[in-house]
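Step one of this worksheet: look at the structure below.
Number of protein chains: 8
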Amino acid sequence: MRSGALDPEDALAALARLPFEDIGFANVDHHRALRQGLPEVIFGQGKTAEQVTAISRRLLAAGENVLVTRLEADIAARVTAEVPELSYHANSRTASAIVKQPPARANAQQVLVVTAGTSDQPVAEEALETLRVSGVPASLLFDVGVSGLHRLLARIETLRAASVLIVVAGMEGALPSVVGGLVAAPVIAVPTSVGYGAALAGFTALCGMLTSCASGVTVVNIDNGFGAAVAAIRMLHAAERGGS
Amino acid sequence: MRSGALDPEDALAALARLPFEDIGFANVDHHRALRQGLPEVIFGQGKTAEQVTAISRRLLAAGENVLVTRLEADIAARVTAEVPELSYHANSRTASAIVKQPPARANAQQVLVVTAGTSDQPVAEEALETLRVSGVPASLLFDVGVSGLHRLLARIETLRAASVLIVVAGMEGALPSVVGGLVAAPVIAVPTSVGYGAALAGFTALCGMLTSCASGVTVVNIDNGFGAAVAAIRMLHAAERGGS
Amino acid sequence: MRSGALDPEDALAALARLPFEDIGFANVDHHRALRQGLPEVIFGQGKTAEQVTAISRRLLAAGENVLVTRLEADIAARVTAEVPELSYHANSRTASAIVKQPPARANAQQVLVVTAGTSDQPVAEEALETLRVSGVPASLLFDVGVSGLHRLLARIETLRAASVLIVVAGMEGALPSVVGGLVAAPVIAVPTSVGYGAALAGFTALCGMLTSCASGVTVVNIDNGFGAAVAAIRMLHAAERGGS
Amino acid sequence: MRSGALDPEDALAALARLPFEDIGFANVDHHRALRQGLPEVIFGQGKTAEQVTAISRRLLAAGENVLVTRLEADIAARVTAEVPELSYHANSRTASAIVKQPPARANAQQVLVVTAGTSDQPVAEEALETLRVSGVPASLLFDVGVSGLHRLLARIETLRAASVLIVVAGMEGALPSVVGGLVAAPVIAVPTSVGYGAALAGFTALCGMLTSCASGVTVVNIDNGFGAAVAAIRMLHAAERGGS
Amino acid sequence: MRSGALDPEDALAALARLPFEDIGFANVDHHRALRQGLPEVIFGQGKTAEQVTAISRRLLAAGENVLVTRLEADIAARVTAEVPELSYHANSRTASAIVKQPPARANAQQVLVVTAGTSDQPVAEEALETLRVSGVPASLLFDVGVSGLHRLLARIETLRAASVLIVVAGMEGALPSVVGGLVAAPVIAVPTSVGYGAALAGFTALCGMLTSCASGVTVVNIDNGFGAAVAAIRMLHAAERGGS
Amino acid sequence: MRSGALDPEDALAALARLPFEDIGFANVDHHRALRQGLPEVIFGQGKTAEQVTAISRRLLAAGENVLVTRLEADIAARVTAEVPELSYHANSRTASAIVKQPPARANAQQVLVVTAGTSDQPVAEEALETLRVSGVPASLLFDVGVSGLHRLLARIETLRAASVLIVVAGMEGALPSVVGGLVAAPVIAVPTSVGYGAALAGFTALCGMLTSCASGVTVVNIDNGFGAAVAAIRMLHAAERGGS
Amino acid sequence: MRSGALDPEDALAALARLPFEDIGFANVDHHRALRQGLPEVIFGQGKTAEQVTAISRRLLAAGENVLVTRLEADIAARVTAEVPELSYHANSRTASAIVKQPPARANAQQVLVVTAGTSDQPVAEEALETLRVSGVPASLLFDVGVSGLHRLLARIETLRAASVLIVVAGMEGALPSVVGGLVAAPVIAVPTSVGYGAALAGFTALCGMLTSCASGVTVVNIDNGFGAAVAAIRMLHAAERGGS
Amino acid sequence: MRSGALDPEDALAALARLPFEDIGFANVDHHRALRQGLPEVIFGQGKTAEQVTAISRRLLAAGENVLVTRLEADIAARVTAEVPELSYHANSRTASAIVKQPPARANAQQVLVVTAGTSDQPVAEEALETLRVSGVPASLLFDVGVSGLHRLLARIETLRAASVLIVVAGMEGALPSVVGGLVAAPVIAVPTSVGYGAALAGFTALCGMLTSCASGVTVVNIDNGFGAAVAAIRMLHAAERGGS
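Residue numbers (our numbering), protein chains in the order written: chain R, 510 to 753; chain H, 510 to 753; chain B, 510 to 753; chain Z, 510 to 753; chain X, 510 to 753; chain L, 510 to 753; chain Y, 510 to 753; chain F, 510 to 753.
In structure tokens:
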């Protein structure tokens, strides 16, 4: 009676054979790199130093690269004391260890991270760190917000050279609309919590980006530089597959 | 004991002598034109045709110009049948009667109304009608939203020639930030309810304009073309006083 | 003193030479196809039949394909009576005219549109219509919401074969999280306004997708099938460029 | 004239004879265990150490078990110094004293607490502590969020063996929808405040769970592991009554 | 390396063999009754008459009972004309067809639906219809809101006799708190959209019920009588299993 | 032309002669006691110790009683060191000095302050302090929340003896609805910020009280024990006037 | 062990003997007039014409006055056709029948209803109708909003003569703050849904009134003229008791 | 084909020649003073002491005045140690250095800053500091909130003498409505975050000001004294141009 186009049992069997490791309080997923093109990433917020340490050790023991995001400085100090392979990057609140070189990528596949103001920098750096750990070439164009349009227009060729653009802005979040109108490449908009009052801790920028008058801009969560970088990697992955 | 710099009784006496007229359900304020530089305006929303008719008649009987805002077409039909002096303007949902010419103003004092898209037009027209009834020279620059920046930049001299700019935009409401960065004149931002979903019926544009990265942009209520025009008149009033 | 990496005047000169056409109430942008890879699209909401008709005629006169989105049936009837080249598609509330064939694309670049439930179909069809008008191969996988997981798992190979996935879901919007964990390709999540009460007219799905536990999912506005399709086209564009 | 099916005076008389004890700032309810099947529980938030100490002493003096919830570590230290019978459990922010053994329950009546991620653990432990103090057998299934579906599907038999499931998840809160589609038993969804930005301090998970596409999922307040446990106890109570 | 307690392949195989039927726009799930104890229910909102008709016919063809919820009167008229087995119940906006008798249940397992006011009745009736189609004995106690406490207290024995209580209330939604303090059985609170202004279309009642001072009350979506009934059925299912 | 029923100049003259004192950063209003029946009260939040000190001294110098509300302990310490007449009450965060006895009031005019739980006590005490400084007889009925109805019903005669009731409750804020149904006297509902998650920092209680099913309950701001007390004083003032 | 000050059984017995009448879908409370000083009022919103008719008939049969609020014109037509004793008042959306004269009240106990603008009139009339049916002397002061202060100040003696003031205002809701600073009597603030955009359907006025800088203003729900009138009656009741 | 009224290339060329300076993490815009009439202002929030120091030095090196806003005391201490030209003003949280005298302005162009209460003072001082650094004559009228109207009316002539008024108010934010009704000059309303509960951290004042019943009031972000001052400068600029 079922009209499924192919046999779900075979698909499920593949799914079921995926390995993970039960370490008493978490299930470490060693196969994600293979499945999604980037390593298991540890979301640091709400985890204890002990938990971050334990998961990091398992990943390193399996010969995998490690990236920890949203790691506060005091917890980072305790973790890096235990796991010296990890180095902490305070601006982006990330810690990372590269134990095997990520596969080389074509230079043409360049991600450009663009910020509206200096205060958006930490979010941009979380994206840049994630790209670096994943072996993706990336560069930064900073402080080109729309109230001083000449600063942006002076870099219009840089904008148009990028394969994927991550545009980071707080306050009214207008920059992705302007950039989205200038380029044909994918634009991933990242709202930041920069601003006060009507900035609504980033929700004004978030909603503004979602209702952008430039079509085809996509959006990630407030301050989510990591998520934007992973989205860019998914797009480059599609691009690489597309080229073959 | 009181240290008020001047005698409040004298000030209050002036205030108390201001005339108004009790017509049974409203207090018509015949002196507002003198006090604030524009006629008593009838806010049509939530009023019956009978109420709008009665207030209009009293104002006309006193030889004053009339402007009715937010007047739906069906109520307008009933009002204009009773008060033939009034003519209805469907796009802006206003009715007006000019029975005495407003005082001439210097041509240099030009208000420019700018819209991001065609859908913002009705709000712009409410502003233009209000300015017209008040005798203020004004013009319209339409459909220059930030996703097609070349359309705006082609008119940069028009922008810079205006004394006061009313910038009307829905969706993410980014246009006032860009315009505010291009001119030194006052920019009155009017958010519109154009858009859907994350546009939040105009609140995203409203909050975006309030938290604009271009300094000194001021904002009025959503879809409030009338209020923006009155604010512009207040500013021209200050300008005229300032010139003396 | 300025340290801009390249001469903004040259970049601006290119920008300034972009053509547009002033038709009295709108600035029609004939060059967008060249700039962004898809035709000028008319956002129907809030526009009169006369405005949609006039813009459509200009685009057709210039030999361009036309897509009108968010066009209600009553306005569509009046527009298509005037512009017989346009055909209306009620489910997706779009009208379109293809007068020149869009450039062929490699078959490998397949977009898969996935829906959680039957009520999400109209949004999916807006995406499919936009892709069709743009000449992008696309297919639909429907009614595979997460409360009946076996329906989704039965199609896991279809999911993994797609270059880009557009995942459409209302209510709690959980489907993109599950799909995002199963594939490495870009996942564009589209929240819909399906549901009531705590569904918050699509905002619960929207926020759920933004905070998805599957990394790298990007999101567009509620019910914005059009925007998701344009985002997918941007990604394919990057992919094509990436292959060279 | 009144048509009440039975005599309210009798019912009220029973109600009125319920004992409580006025201790000067609180009315301690010694009869709740009998009425609702679990002891008087002290909600620690907003109470001083002196107040928690006094109420605990009265309950212990009456020979009752004590559970204090939402008790911060610094206040707990002062309380346990005064009331040595109480032991503090930092992860769940609870203190408890079991002075009489709760009645044994059938082993078949197993509550399963399921978490989406490691950060949801403290809420799960509040539920587990409440169940432990009440003498209800319970176990924990951790870190089986929907972005790595194979981790959940590997435990499908564990899910189906439970009498009642408490499913704890933050971010988009999708796990109860998936679990609710896999089992026929009651699913109590507990949203957590894990996440940031669009996670809205737990409201996205809360609203997502309320509008779950899996029917018959019920929901408690954000981070309310205690309430979920009491709800489970109410259900087991019904089950026990039902079996007779 | 994986430490899953049992072999996920076996569990998945069972899952994968579950039948469903692709009817061109929906995947009809004939096995849900077996899996979850109630028939596939058609959520009418947002579906066309043609879609409801088609799904109903497939279910009836498979010999299953049918329940359609949130079905507006005009669509219901078109559906019942095509599918005469369905009878429409206007108050609860449901249509149903019982073609095979649901299994008998012990009379002791009584569900009591309680309403605060007359305006909450339609939501209560959606719950009662769902219970009726599922063969669960249920009764109604109406108009016993907390501002006239004597009406509630007169029925205290009725309250205490129920196995599961569904308590339906709009406005401030206080009734479940009072009922939850009077009984030890499970209380499923259903907020309704009755009220205006600060009632916030049901969200005040919803949030009030979630933060109820009576412990262990669980909540479903606003106006979701259907979901409350399914939750009650899940609880009775647990109770029946628990009794064996 | 004006039809004002009486000469506004006379009324304004009376208004204008009201004294106030400019102390360089505030205008101290020595006449409010006469105008509104209670002394000038200093809202401590957001004021520096120097400002509170200076205003207190002026009021004391004029022979008036002083009440400071929302005064944090650290600022209170600095203020009371400078102004020894003031004594600080930590629970209610108020400081006060009574230098002249407030006029005696009839004992029959009793205000009853009622709380739902122990955590609502500080708000109740702010009300009690305000009443005490104003010379109004008041008493407290604590911890009688609706989930243990017998505790409230045991005091029904106390409730009915009060002239005015101030009912203080957090969480779902149901207590004023129940009390409002039991008494004919004015009920002033005070929502508190007690609770978490869906309690929304007091807004759920606030909105619940505003939409109470007991008619004629009025509401003040969250945690505003002071405002509730002043409202009660206004009511007693009306009562006293009414009796003459 | 219990320390309740008086015997709850006696209090409960009195409560339990209160009569009500079960009419099949509602419990009509014939004793409320005695308990709360005003008749059972029928909340029309969400009730069918049949339900309003049936309850009205029972109340009339018992010789009681009837007031129906929030009754739409079409339902009113059907109800008054069945119950000719009821007369409908379209402006206030109320229907009423006075079959026995309410007890006379002292003339000194005057309620003054004040509105900010003409659009607030319907809410004021709901209050006036409620007062009229209850036999309370009341009068109206209209269109005295704060942007034309001279209109308000001209009536300052009228304001100060009232025992209780009901102040009705939409938009920013500033009028109660100004009135509250001018009088010592109780001020009941009623926010209205007049306005658009940032008026937030009355919530801006509601929140503004709750946080009024004039102390002791109390607030009822948006557009709730009825509730304000009942609150005023409760205050007059206290005043009358207070005078004895 | 393009109908742009003037040649965009010329306009763009002017725009492109605007200088800015890339200092490694920010693009310092030395030309803004010329373009907008005030110096480049450094938004201190979210910037490190190093960043503020570096930008300040570049501006001073270019001979420009400096204003830093939203600078916390601890960061200010580190910045002023490095850049002794800067002096810190704690009340307004600003630092400034005036190295060249701003151009003189006509004394008639007076800005009046008005506050409702003492707690609004810091926001007023941010405006006053900004005006001082820009060479604009300004004065302060404090503590004239609407609950004590006589304090405001005593200064009515001061209000009417101002060219532009900046009105600062928290809580319900009613003061701009009253002032806007008394003067014809531009009124810039600044909501503050003073208040609690329903004050919604300034949003109630913000929305109240946006929906003010006094026409033509414009609004800036919550606590944005700086933005209000810049808006006033834009208006004076228009006034000066207008006079020529």
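By construction, the Cβ of each residue, glycine as well, lies at the ideal position given by its N, Cα and C atoms.
Here the structure is a predicted model, which is why all the values come from computation and not from measurement.
Rounded to whole angstroms, X:T578 and X:S643 show a C-alpha spacing of 14 Å. By the rule that beta-carbons nearer than 8 Å mark a contact, X:G654 touches chain L. Contacts between Y:M718 and chain F, judged by CB atoms closer than 9 Å, involve E681 and A707 in chain order. When rounded, the separation of the alpha-carbon atoms in X:S656 and L:G654 is 14 Å.
In terms of CA proximity to R:T701, R:Q630 leads the group R:S605, R:H659 and R:Q630. The beta-carbon distance between H:S605 and H:V588, rounded to whole angstroms, is 12 Å. This is too long to meet the 8 Å contact definition.
Interface criterion met: the Cβ of Y:L715 is under 8 Å from a Cβ in chain X. Of all alpha-carbon atoms in B:V645, B:V687, B:P646 and B:G682, the one lying nearest the alpha-carbon of B:R664 is that of B:V687. A direct Cα-to-Cα measurement between L:V561 and F:R567 gives close to 42 Å. Our two residues, L:L691 and L:R669, have alpha carbons roughly 8 Å apart in a direct line.
In terms of Cβ geometry, H:D652 and B:N536 form a close pair [threshold 8 Å].
Taking the C-beta atoms as reference points, R:M718 is found nearer than 8 Å to R:P685.
Between L:Y705 and Z:Q554, the C-beta gap is smaller than 8 Å, which places the two residues in contact. Taking a Cβ-Cβ cut-off of 8 Å, the neighbours of F:R743 in chain H comprise A693, A694, P695, V696 and G725, given in sequence order. In the three-state scheme derived from DSSP, where H, G and I count as helix and E and B as strand, H:A671 is classed as coil. Taking all protein chains shown into account, F:V676 has 16 or more neighbouring C-beta atoms within 10 Å of its C-beta and is therefore buried. With 16 or more other Cβ atoms from the protein chains shown falling within 10 Å of its own Cβ, B:G682 counts as buried. The C-alpha of H:N574 lies about 19 Å from the C-alpha of H:A741. As computed with DSSP, X:T562 is found in no beta bridge at all. By the neighbour-count definition (other C-beta atoms within 10 Å, threshold 16), X:V623 is a buried residue. Identification of chain F residues near R:V676 by a Cβ-Cβ cut-off of 7 Å yields none; the smallest Cβ-Cβ distance measures about 16 Å. For Y:A698 and Y:V729, the gap between their C-alpha atoms comes out near 7 Å.
Nearest in C-alpha terms to R:S724, of all of B:R641, B:F534 and B:V550, is B:V550. Nearest to X:A707 by C-alpha distance, out of X:D732, X:N733, X:M680 and X:A570, is X:M680.
DSSP, read as helix, strand or coil, puts Z:S648 in strand. Proximity of Z:V673 to chain X, defined by a Cβ-Cβ separation below 8 Å, is satisfied. Annotated as proximal: Y:L576 and Y:T639, with beta-carbon spacing under 8 Å.
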